[in-house]
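> Below are the structure tokens for one structure; questions will follow.
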Amino acid sequence: MRKAELITPSRRGFLGTAALSAAAVALLAGRDALAASHAGGQMASSQDVNILNVALGLEHEGINAYTLGAQSGLLQKPVLDVAVRFQADHKEHADTLIGAIRKLGGKPVEAKSLAEYAKALRADTLKSQNDVLELAARLELGATNAYIGVIPSFKDSGLAKVAARLAADETMHWTLLNNALGKPLPAGGMPFGA
Amino acid sequence: MPRALLTACALTLAQAGFFSQAVAADVAHGKQIYETICGGCHTMDANRAGPAHRGVYGRKAGLAPGFNYSPALKNSGVVWNEKTLDRWLKDPEAFIPGQIMGIQVDDAKDRADVIQYLKEESRKEGSRR
């Protein structure tokens, strides 16, 4: 039963014991050098941690949105399988961000309760599979644009690269969701970011 | 009515129409930019990764109910108006060091239009509060 594989944040407990993904290990490989680099390094790390934590907040929201979608009972196969896959991607993103934040000496922001996400995302208005897909597509598009938007703000170009990779993942999600909704591709090039 | 006066009235009405149309276009563009650049973290009526925005124009920074702000922003003493929002959107870290927003709106017209949109939306009553 794939629905059961949609793990709720409380069960996963990823703030405490998450294993780092290969991407996170690669990400963290250069952090010690950054920390020991120069006098301005501490400020740069602090700003980067702040940005990473906002990104982590978005990933928490994405994970919980897919949980809400699954628990709504509105998703049918094969859409449910896709949602499971996308939620797993967001958990990997969150693990990566948590690892980076800790390595930089920061405290990862914790997820809110599922009820809080349900209220903020107006889960009570979801009445069909398309409603769930519309919500997911909106969040994926927002995340794409957010990751693109923060790239210039990172002091560490390695983190900017990670943000670009995360943006690419979110774009992939959005494209598939948009297709599932039967919507056309955006007109013209460079439709993301501004 | 003298012809010159009629002409002046017609011009005034035409100008009024032009300017109201221009303002409307700016708000529409501001909404589009808001949804593209800000919409990943913000909505008007719910706190997400960023605070809810309805009512932000004219409000002191750090006062959206229920949102956990950075100390830097909460203690900034800034009141959001056209000037402060422009500085914030142009470079939030330069304006309030230690804040947590990593997004900038680079284009001056985009910033002006987003501010106009925020101003308009701040006048409306929240739909979900």
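These protein sequence lines map, in sequence, to chains P and X.
Numbering follows the working numbering, in which position 47 of the first sequence is assigned residue number 1358; successive positions increment by one, without gaps.
Numbering follows the working numbering, in which position 14 of the second sequence is assigned residue number 49; successive positions increment by one, without gaps.
Glycine included, C-beta positions come from ideal geometry on N, C-alpha and C.
What is the DSSP secondary structure of K95 of chain X, counted as helix, strand or coil?
strand
> Using the beta-carbon of each residue, which ones in chain X are nearer than 8 Å to G1499 of chain P?
In chain order: nothing, as chain X lies at least about 14 Å away.
> Rounded to whole angstroms, what's the CA-CA distance from G65 of chain X to I150 of chain X? Just pull it up for me.
7 Å
> Can you tell me whether DSSP reads V114 of chain X as helix, strand or coil?
strand
> I believe L1385 of chain P touches S1439 of chain P by the beta-carbon criterion, under 8 Å. Please report the beta-carbon distance rounded to the nearest angstrom.
6 Å
> Taking CB distances under 8 Å as the criterion, tell me whether I131 of chain X reaches chain P.
no
> Assuming G1453 of chain P contacts G74 of chain X (C-beta within less than 8 Å), just tell me the rounded distance between them.
5 Å
> Spatial neighbours of L1437 of chain P within its chain, please: CB distance less than 8 Å, with the 5 preceding and 5 following residues excluded, ordered by chain position.
L1379, G1380, S1383, L1385, V1443 and L1446
> Leaving aside the five residues before and after V114 of chain X along the sequence, list all residues of the same chain whose C-beta is less than 6 Å from its C-beta, in chain order.
The answer, listed in chain order, is K95.
> Measuring CB to CB, does A1505 of chain P end up less than 8 Å from T78 of chain X?
No Cβ-Cβ contact shorter than 8 Å links A1505 of chain P with T78 of chain X.
> Which residue's Cα is closest to the Cα of E117 of chain X: X:G97, X:S111, X:S157 and X:A147?
X:A147
> Looking only at its own chain, which residues have a Cβ that is under 7 Å from the Cβ of N1489 of chain P, when we skip the five neighbours before and after it?
Correct list, in chain order: A1448.
> Roughly how many whole angstroms lie between the Cα atoms of N107 of chain X and G133 of chain X?
The question names Asn, but residue 107 of chain X in the sequence shown is Ala. Approximately 5 Å between the Cα atoms of the pair.
> Exposed or buried, K1402 of chain P, counting other C-beta atoms within 10 Å across all chains shown (16 or more means buried)?
buried
> Determine the direct distance from the alpha carbon of A1426 of chain P to that of T1455 of chain P, and round the result to whole angstroms.
Spanning the two alpha carbons is a distance of roughly 25 Å.
> Whole angstroms is fine: what's the gap from V1365 of chain P's alpha carbon to H88 of chain X's?
Distance between the alpha carbons of V1365 of chain P and H88 of chain X: 17 Å.
> Could you give the first and the last residue of the continuous alpha helix (DSSP H) run that contains F1451 of chain P?
According to the sequence shown, residue 1451 of chain P is Glu rather than Phe. Run containing E1451 of chain P: Q1440 to V1461, per the alpha helix (DSSP H) assignment.
> Would you grab the beta carbon distance between Y104 of chain X and G97 of chain X for me? Rounded to a whole angstrom, and I think it's under 8 Å.
4 Å
> Relative to the alpha-carbon of D1359 of chain P, which residue among P:A1491, P:T1482, P:E1481 and P:G1417 has its alpha-carbon at the smallest distance?
In this structure, P:G1417 is the residue among P:A1491, P:T1482, P:E1481 and P:G1417 with its C-alpha nearest to the C-alpha of D1359 of chain P.
> If you run the structure through DSSP and keep just helix, strand and coil, what is A84 of chain X?
coil
> Rounded to the nearest angstrom, what separates I68 of chain X and D145 of chain X at their Cα positions?
7 Å
> Suppose the cutoff is 7 Å on Cβ atoms and the five residues either side in sequence are ignored; what does the same chain contact list for I1459 of chain P look like?
A1478, F1503 and G1504
> Within 8 Å of any Cβ in chain X, is that where the Cβ of T1378 of chain P sits?
no
> When the distance is taken between beta carbons, is V1461 of chain P closer than 8 Å to I135 of chain X?
no
> Please go through the same chain and pick out, in chain order, the residues whose beta-carbon is closer than 6 Å to the beta-carbon of E1370 of chain P, but skip the five residues on each side of it.
H1401, H1404 and A1405
> Relative to the C-alpha of D141 of chain X, which residue among X:G101, X:N110, X:L124 and X:V91 is closest?
X:L124
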